[in-house]
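Residue numbers (mature numbering (1 follows the signal peptide of the UniProt record, and there is no 0)): -21 to -1, 1 to 444.
All residues carry an ideal CB built from backbone N, CA and C; glycine is no exception.
For reference, the structure discussed in these notes is given below.
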């Protein structure tokens, strides 16, 4: 008697299929037993297994989504319920294709012709045919779900206005899935959900939703259709151009107009970059930021974030390269110039070049105190040589006194050069204790006793407090 030998791939497929069927059946059983939380847990497990399995029949998948949606709703998780309803609505509204796998003898189902042809062309399959599926669960549920979607959207708008971003994010997301379930998918609602969540602790979710929109090519551009009611003269909105045109042709409306909204693509790319940056996911932030800057090279937020990624991730070479490019194309800000100066000072030790960029930073932003302070420090840095010579010539001989006095004068000259920048920084930040201390020491070096005692008192008073 011959043994039946399964190939490894066929065995794995059989095990995987069995696991999916177990989880789907567990969802159904838990739902019937009114153990809704358990049903939702089983549904999520089944979904993970469904991702690469084409053998589940559409009617079974529809029943699974309906059970999962109703269970999530009954357990109070309306976002999960809305998501499952949306998947059910998509399943019942889109064309389904079927082909027979000649190796496993199973029918496999696909939800786009492109996917069907891609999979079947790489294996031993029969011809691809469109599969008639007449699921209508969503038709019966549509009025109820549409009402819940409207309610969720109203709650989202009110919560966002009240700056309750946690609630706003959840309600926008709920409305997105519920509207999708009845065939009115609007990615703008997912965008608003992401923006709301970005202002909460749910930044990871926000980043993922915004990234999904980036990957889908979302721009936010929409067309809105308006006309005036003939009887009242009131401007009303229509769901489609066809609806508007029909009302105008029937003489029930006048003055039709089409309004095209502005693109949100630049804003989306900027917010997605920030979301990943705030999570310190540098590669993802850099990928989105570079994509955004390829289309919107003058976006200051993305420029700063991409530059920040290089700095935070320790890629100092790219950091400096990016800043120099911004200097060359005239887009560098005062902060960019300050960062470039500081990087040059720290990495190459070229103090003269660093001083040049600190001065450029001051020209670009005269109220940025750090540029004045760092420029002063860069100037004073040259004192090290003079102080060393002074310490080596503390004796009483004429030669030692001469060397000491010459270098003390040179040191004083450096502080006199730096003093105006320190005083300007103090005008901008008069409460900066470190700056007060530096000014106290500077006045001592240049021999301005009145100012020295004035700033010594300021420092002592603040240090005590």
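Please determine, among 169, 410, 287, the residue with the shortest C-alpha to C-alpha distance to residue 265. 287
Range of the contiguous beta strand (DSSP E) that encloses residue 216: 214 to 217
Suppose you measure from the CA of residue 51 to the CA of residue 138; what does that come to, to the nearest Å? 23 Å
Alpha carbon to alpha carbon, what distance is there between residue 169 and residue 155? 6 Å
Please return the same chain residues whose Cβ sits closer than 7 Å to the Cβ of residue 389, not counting the five positions on each side in sequence. 365
Mapping the DSSP letters down to three states, classify residue -11 as helix, strand or coil. Summary for residue -11: the model assigns pLDDT 30, below 50, so the residue's position carries little reliability; its value from the coordinates is reported in the next sentence. Reduced to three states, the DSSP call for residue -11 is helix.
Proximity of residue 368 and residue 382 at Cβ, strictly below 8 Å: yes
Contained beta strand (DSSP E) runs [length at least 3] in the segment 55 to 84, N- to C-terminal order: 75 to 79
Which same chain residues end up closer than 6 Å to residue 235 when comparing Cβ atoms and leaving out the 5 residues on each side of it in sequence? 206, 223, 227
Could you work out which residue in 281, 259, 142, 312 is closest to residue 292 when comparing CA atoms only? 259
With distances taken Cα to Cα, identify the nearest neighbour of residue 184 among 262, 444, 148, 229. 148
When burial is assigned at 16 or more other CB atoms within 10 Å of the CB, is residue 43 buried or exposed? buried
Return the CA-CA distance between residue 386 and residue 329, expressed in angstroms with no decimal places. 22 Å
Taking 8 Å as the cut-off, does the segment 82 to 89 touch the segment 122 to 141 (at least 3 CB pairs, one atom from each stretch)? no
Quick one: using the 10 Å Cβ neighbour count with 16 as the cut-off for buried, is residue 436 buried or exposed? exposed
List the endpoints of the continuous beta strand (DSSP E) containing residue 399. Where residue 399 is concerned, there is no enclosing beta strand (DSSP E), although the alpha helix (DSSP H) it sits in stretches over 377 to 407.
What are the partner residues of residue 203, as DSSP defines its beta bridges? 238
What span of residues does the alpha helix (DSSP H) with residue 94 cover, start to end? 92 to 100
Run through the DSSP bridge pairs and tell me what residue 86 is partnered with. 79
With a CB to CB cut of under 6 Å and the five nearest residues on each side skipped, what residues in its chain are close to residue 351? 400, 403, 404
Taking 6 Å as the limit between beta carbons, can you name the residues of its chain near residue 173, skipping five residues before and five after? 185, 188, 189
Figure out for me which residue from 211, 100, 69, 71 has the closest Cα to the Cα of residue 78. 100
Give the DSSP-derived three-state secondary structure of residue 104 in the structure shown. strand
Count the other C-beta atoms from every protein chain shown that fall within 10 angstroms of the C-beta of residue 371, then say buried if there are 16 or more, exposed otherwise. exposed
In angstroms with no decimal places, state the Cα-to-Cα distance between residue 261 and residue 251. 12 Å
In whole angstroms, give me the CA-to-CA distance for residue -14 and residue 102. Note that residue -14 has pLDDT 31, beneath the 50 cutoff, so the model's placement of it is unreliable and the number below is only indicative. For residue -14 and residue 102, the distance between alpha carbons rounds to 16 Å.
Using a threshold of 8 Å, state whether the C-beta atoms of residue 193 and residue 267 are closer than that. yes
List the endpoints of the continuous alpha helix (DSSP H) containing residue 372. Looking at the DSSP string, residue 372 is not in any alpha helix (DSSP H), and its letter there is neither H nor E.
Is the beta carbon of residue 128 sitting closer than 8 Å to the one on residue 71? no
Pick from 64, 142, 140 that is closest to residue 163, judged by C-alpha positions: 64
Expected contact under 8 Å - CB spacing of residue 98 and residue 33 to nearest Å: 7 Å
Once the 5 residues before and after residue 445 are set aside, which same chain residues still bring their CB inside 6 Å of it? The requested residue 445 is not part of the displayed model; the chain covers only -21 to 444.
Suppose you measure from the CA of residue 118 to the CA of residue 75; what does that come to, to the nearest Å? 18 Å
If you measure between the beta carbons of residue 157 and residue 61, is that distance less than 8 Å? yes
Rounded to whole angstroms, what is the Cα-Cα separation between residue -17 and residue 88? Note that residue -17 scores 32 on pLDDT, short of 50, meaning its location in the model is unreliable and no value can be drawn from it.
Shorter than 8 Å from the beta carbon of residue 257 to some beta carbon of chain D? This model lacks chain D altogether; it includes just one protein chain.
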